[in-house]
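Undergrad: Sending over a structure as structure tokens; questions will come in a sec.
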Amino acid sequence: MSRGRPQLQPTSFFIRRAVDSILATPVISSVTITSIAVSVLLAGTVLLVGSNVYRVVAGAAASGVDVSVYLANGVSETRVVELKKSFAATGGVGRVQYVSKDEAWQFLAGNLVGSAELLDGLDAEVLPASFELALEQGISGPGLDSLLESWSAMPEIEDVQYNRQLGQRLRGTMGLVRWVAWALGALALVASTIIVGATFQLAVFTRREEMEVLRLVGAVGTAYWGPLLLAGLLEGLLGSAAAVAMLALVFRLTAGPLAAELPLLAGVTAFLTPLQSVTLVAWGAGLGVVGSWLGMQRFAAWSSASQR
Amino acid sequence: MIRLNNIGKSFEGRPGPAVDSVSLHVEPGEFVLLTGASGAGKTTLMRILFGEEIATEGTGVVNGRNLDCMESDALAALRREMGLVFQDSRLIDRLSVRENVALAAEVGGVHCAEARRRADDLLCMMGMQDYGDMLPLHLASGERQRVALARALVNDPVLLLADEPTGSLDPDTTAEILELLQEVNRRGTTVLMATHDMDALEQLSCRMLVMAGGRLVEDSPDPSRLQ
Numbered sequence: 001m002s003r004g005r006p007q008l009q010p011t012s013f014f015i016r017r018a019v020d021s022i023l024a025t026p027v028i029s030s031v032t033i034t035s036i037a038v039s040v041l042l043a044g045t046v047l048l049v050g051s052n053v054y055r056v057v058a059g060a061a062a063s064g065v066d067v068s069v070y071l072a073n074g075v076s077e078t079r080v081v082e083l084k085k086s087f088a089a090t091g092g093v094g095r096v097q098y099v100s101k102d103e104a105w106q107f108l109a110g111n112l113v114g115s116a117e118l119l120d121g122l123d124a125e126v127l128p129a130s131f132e133l134a135l136e137q138g139i140s141g142p143g144l145d146s147l148l149e150s151w152s153a154m155p156e157i158e159d160v161q162y163n164r165q166l167g168q169r170l171r172g173t174m175g176l177v178r179w180v181a182w183a184l185g186a187l188a189l190v191a192s193t194i195i196v197g198a199t200f201q202l203a204v205f206t207r208r209e210e211m212e213v214l215r216l217v218g219a220v221g222t223a224y225w226g227p228l229l230l231a232g233l234l235e236g237l238l239g240s241a242a243a244v245a246m247l248a249l250v251f252r253l254t255a256g257p258l259a260a261e262l263p264l265l266a267g268v269t270a271f272l273t274p275l276q277s278v279t280l281v282a283w284g285a286g287l288g289v290v291g292s293w294l295g296m297q298r299f300a301a302w303s304s305a306s307q308r
Numbered sequence: 309m310i311r312l313n314n315i316g317k318s319f320e321g322r323p324g325p326a327v328d329s330v331s332l333h334v335e336p337g338e339f340v341l342l343t344g345a346s347g348a349g350k351t352t353l354m355r356i357l358f359g360e361e362i363a364t365e366g367t368g369v370v371n372g373r374n375l376d377c378m379e380s381d382a383l384a385a386l387r388r389e390m391g392l393v394f395q396d397s398r399l400i401d402r403l404s405v406r407e408n409v410a411l412a413a414e415v416g417g418v419h420c421a422e423a424r425r426r427a428d429d430l431l432c433m434m435g436m437q438d439y440g441d442m443l444p445l446h447l448a449s450g451e452r453q454r455v456a457l458a459r460a461l462v463n464d465p466v467l468l469l470a471d472e473p474t475g476s477l478d479p480d481t482t483a484e485i486l487e488l489l490q491e492v493n494r495r496g497t498t499v500l501m502a503t504h505d506m507d508a509l510e511q512l513s514c515r516m517l518v519m520a521g522g523r524l525v526e527d528s529p530d531p532s533r534l535q
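Respectively, the protein sequence lines represent chains A and B.
Position one of the first sequence corresponds to residue 1 (the numbering used here), numbered consecutively onward.
Position one of the second sequence corresponds to residue 309 (the numbering used here), numbered consecutively onward.
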């Protein structure tokens with residue numbers, strides 16, 4: 001037998017003790033796992049919505065179309081050719097593309113795959129033909145405004161949409177959304193760390209006699225704290241994995257109907273990438289470890305104070 | 309095994325020291341009784357010996373380890389070299405009897421299977437071989453104390469410190485526990501037992517230390533010689 005010779009505990013010791021530690025206080029463990037799950041769910045929702053909004057905005061920005069000029073019905077082909085030449089000759093306009101009613105129809109139908117019934121009873125005539133113009137960098141301010149006004153004043157032109165402005169507004173909104181997301185994330189992080197720390201403190205405190213016994217039989221360092229840290233890690237993994245799974249389920253149930261309602265989202269929305277999902281799970285696991293460490297620190301402080 | 313030189317311990321707010329200038333030598337293989345009235349300082353002295361209290365005066369060495377400058381690793385190692393038994397058996401009620409005993413070996417790095425084998429051997433020695441799967445909650449006080457003794461022995465300690473191990477037991481059970489302690493001592497473990505249990509004192513013929521007011525007032529090789 002070993003007379004007090006210090007030895008490293010086998011991995012199975014930590015796993016058994018950690019699982020035992022979770023099962024010893026089932027209610028407190030459930031509260032801890034739920035706290036971590038809610039925190040990760042909140043962060044995951046912010047990340048999921050944010051990344052999809054960003055994808056939509058980025059898609060609009062990447063299309064290279066700054067101005068859409070919609071034509072009135074009945075514009076002759078000759079006049080379309082003249083208008084195209086006129087736009088191309090305008091200073092500041094880089095690229096001009098004509099989109100006929102049929103092409104617009106095909107584009108819309110392509111974006112409504114799975115919801116084709118929305119187009120029942122309609123035909124290509126309901127959509128206007130248009131010119132899509134890409135502006136050169138640097139054109140802005142009063143010059144751009146007068147250009148847009150001159151186009152709007154043409155009798156063949158029904159409407160002019162300036163997408164760059166929309167993009168700029170969306171990007172501005174995105175900046176705000178990003179700050180709000182960071183603030184919410186930080187708030188969730190602080191709140192959940194405090195809650196998880198408190199629940200771990202409670203868990204350790206309810207087992208203080210057991211901790212005392214462990215200390216008296218010579219448990220120190222990893223043998224003493226290791227199982228509790230591992231329990232935090234396991235609870236974090238459980239909570240965050242459950243949160244990501246729940247997020248995936250909700251996304252699966254809502255993304256389809258939402259895209260049908262908002263064609264802008266069709267084919268654009270996507271769930272978190274594997275890296276983002278793994279990061280969320282890792283975050284939850286880290287939260288569990290930090291929470292258990294905080295709980296143990298508080299318990300150790302209480303324990304040494306009570307011994308004095 | 310134990311060498312204390314003028315060990316003292318004072319607590320804030322308590323008039324006078326709890327332990328006052330105690331010097332003591334215990335040789336390997338001895339069975340020593342430590343007795344005295346309640347408040348005489350027995351438990352404080354025992355707590356100093358297993359590192360739960362730090363002496364405010366004097367020096368002490370237990371199994372070659374200096375008590376007044378011990379890091380947590382060294383303290384834990386010392387506790388694995390000694391076995392501890394208390395009046396309240398301090399078992400973990402949600403673990404089985406076998407798990408309670410084996411846990412003390414596992415924290416020292418012994419593999420689960422080996423720890424359980426040792427636990428079963430010791431439970432057999434304690435006459436508790438059929439109780440391994442039971443929870444301590446379902447045991448009588450004497451049975452709990454036997455399990456506590458098995459746990460104290462699972463790392464084959466060189467020193468067993470027992471603080472009032474028979475304090476809450478009836479005379480018959482006390483006799484059984486004392487017999488087990490003597491058996492442990494015969495197998496080579498040094499035993500220091502603090503008690504004020506007269507039944508225990510009458511049954512044992514061994515060196516006896518008497519404390520009063522924190523001081524060691526008597527050190528007799530045989531209790532029958534005491535007044």
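Glycine included, C-beta positions come from ideal geometry on N, C-alpha and C.
(1) Could you check whether B/Leu-489 and B/Phe-339 sit closer than 9 Å to each other, using their CB atoms as the reference points?
(2) Please tell me whether B/Ser-318 has its Cβ less than 9 Å away from any Cβ of chain A.
(3) Can you find a heavy atom of the ligand PLP that lies under 8 Å from the Cβ of A/Val-31?
(4) So what's B/Met-519 in DSSP terms, helix, strand or just coil?
(5) Name the one or two DSSP bridge partners that B/Thr-343 has.
(6) Going straight from the alpha carbon of A/Leu-118 to that of A/Glu-125, what length do you get?
(7) So, A/Leu-184 versus A/Val-46, is the Cβ gap smaller than 9 Å?
(8) Determine which residues of the region 210-235 of chain A have a Cβ less than 9 Å from any Cβ of chain B, and write them out in chain order.
(9) At the 9 Å Cβ level, is A/Ser-12 part of the contact set with chain B, yes or no?
(10) Who are the neighbours of B/Arg-387 on chain A, taking C-beta pairs under 9 Å?
(11) Contact criterion: CB-CB distance below 9 Å. Does A/Ala-24 meet it with respect to chain B?
(12) Could you check whether B/Ser-449 and B/Leu-477 sit closer than 9 Å to each other, using their CB atoms as the reference points?
(13) Would you mind listing the alpha helix (DSSP H) stretches within the region 168-236 of chain A that are 4+ residues and don't spill past its ends, in chain order?
(14) Report all residues from its chain with a CB closer than 6 Å to the CB of B/Val-369; omit the five preceding and five following residues, and keep chain order.
(15) Which residues of the region 434-451 of chain B have a Cβ closer than 8 Å to any Cβ of chain A? Give them in chain order.
(16) When you compare each of A/Leu-83, A/Leu-108, A/Ala-109, A/Gly-91 to A/Gln-97 by their alpha carbons, which one comes out closest?
(17) On the DSSP bridge list, what partners appear for A/Tyr-162?
(18) Following the continuous alpha helix (DSSP H) through A/Phe-87, name the residue where it begins and the one where it ends.
(19) Just checking my contact of B/Val-466 with B/Ala-412 at CB under 8 Å: how many whole Å lie between their CB atoms?
(20) What do you get for B/Pro-260, buried or exposed, if any count of 16 or more other CB atoms within 10 angstroms of its CB means buried?
(21) Measure from the alpha carbon of B/Leu-486 to the alpha carbon of each residue in B/Arg-495, B/Gly-391, B/Glu-335, B/Leu-509, then state which is nearest.
(22) Starting from the beta carbon of B/Leu-524, find every residue of chain A whose beta carbon is closer than 8 Å, and list them in chain order.
TA: The answer reads as follows:
(1) As a working mapping, residue 339 of chain B is identified with position 31 in the second sequence. As a working mapping, residue 489 of chain B is identified with position 181 in the second sequence. Contact flag set, yes.
(2) Here residue 318 of chain B corresponds to residue number 10 of the second sequence, with the count starting at 1. No, no contact with chain A.
(3) Only the bare structure without any ligand can be found here, which leaves the ligand PLP out of the picture.
(4) What you label residue 519 of chain B is simply residue 211 of the second sequence in a count that begins at 1. Looking at B/Met-519 - three-state DSSP - the assignment turns out to be strand.
(5) As a working note, residue 343 of chain B is residue 35 in the second sequence. Paired residue(s): B/Val-518.
(6) Residue numbering aside, residue 118 of chain A sits at position 118 when the first sequence is read from its first letter. Residue numbering aside, residue 125 of chain A sits at position 125 when the first sequence is read from its first letter. Taking the straight line from one Cα to the other gives about 16 Å.
(7) Against the first sequence, residue 184 of chain A aligns to sequence position 184. Against the first sequence, residue 46 of chain A aligns to sequence position 46. Against a cut-off of 9 Å, the Cβ pair of A/Val-46 and A/Leu-184 comes out as a contact.
(8) Glu-210, Glu-212, Val-213, Leu-214, Arg-215, Leu-216, Val-217, Gly-218, Ala-219, Val-220, Gly-221, Ala-223, Tyr-224
(9) Counting from 1 along the first sequence, the entry for residue 12 of chain A is found at position 12. True, the Cβ-Cβ gap to chain B drops below 9 Å.
(10) For the purposes of this step, residue 387 of chain B is taken as the residue at position 79 of the second sequence. Here the neighbours are Gly-4, Arg-215, Leu-216, Val-217, Gly-218, Ala-219, Val-220.
(11) Residue 24 of chain A sits at position 24 when you count from the first residue of the first sequence. Closer than 9 Å to some Cβ of chain B, the Cβ of A/Ala-24 qualifies, so yes.
(12) Numbered from 1 along the second sequence, position 169 holds the residue referred to as residue 477 of chain B. Numbered from 1 along the second sequence, position 141 holds the residue referred to as residue 449 of chain B. Going by C-beta atoms, B/Leu-477 is nearer than 9 Å to B/Ser-449.
(13) 208-216
(14) Within the second sequence, numbered from 1, the residue matching residue 369 of chain B stands at position 61. Cβ neighbours of B/Val-369 beyond the five flanking positions: Arg-311.
(15) none
(16) Taking the first residue of the first sequence as 1, we reach residue 97 of chain A at position 97. Of the candidates A/Leu-83, A/Leu-108, A/Ala-109, A/Gly-91, the one whose C-alpha sits nearest the C-alpha of A/Gln-97 is A/Leu-83.
(17) For the purposes of this step, residue 162 of chain A is taken as residue 162 along the first sequence, with counting starting at 1. DSSP output for A/Tyr-162 lists A/Val-67 as bridge partner(s).
(18) In the first sequence, residue 87 of chain A corresponds to position 87, counting from 1. It spans 77-89 - the alpha helix (DSSP H) in which A/Phe-87 sits, taken as one unbroken run.
(19) In the second sequence, the residue the question calls residue 466 of chain B occupies position 158. In the second sequence, the residue the question calls residue 412 of chain B occupies position 104. Actually they do not touch by this definition, with Cβ atoms about 15 Å apart.
(20) Since the first residue of chain B shown is 309 and the last is 535, residue 260 of chain B is not available in this structure.
(21) As a first step, residue 486 of chain B is located in the second sequence; it is residue number 178 there, counting from the start. Residue B/Leu-509 is the option with its Cα nearest to B/Leu-486.
(22) For the purposes of this step, residue 524 of chain B is taken as residue 216 along the second sequence, with counting starting at 1. Neighbours of B/Leu-524 on chain A: none; closest Cβ ~25 Å, over 8 Å.
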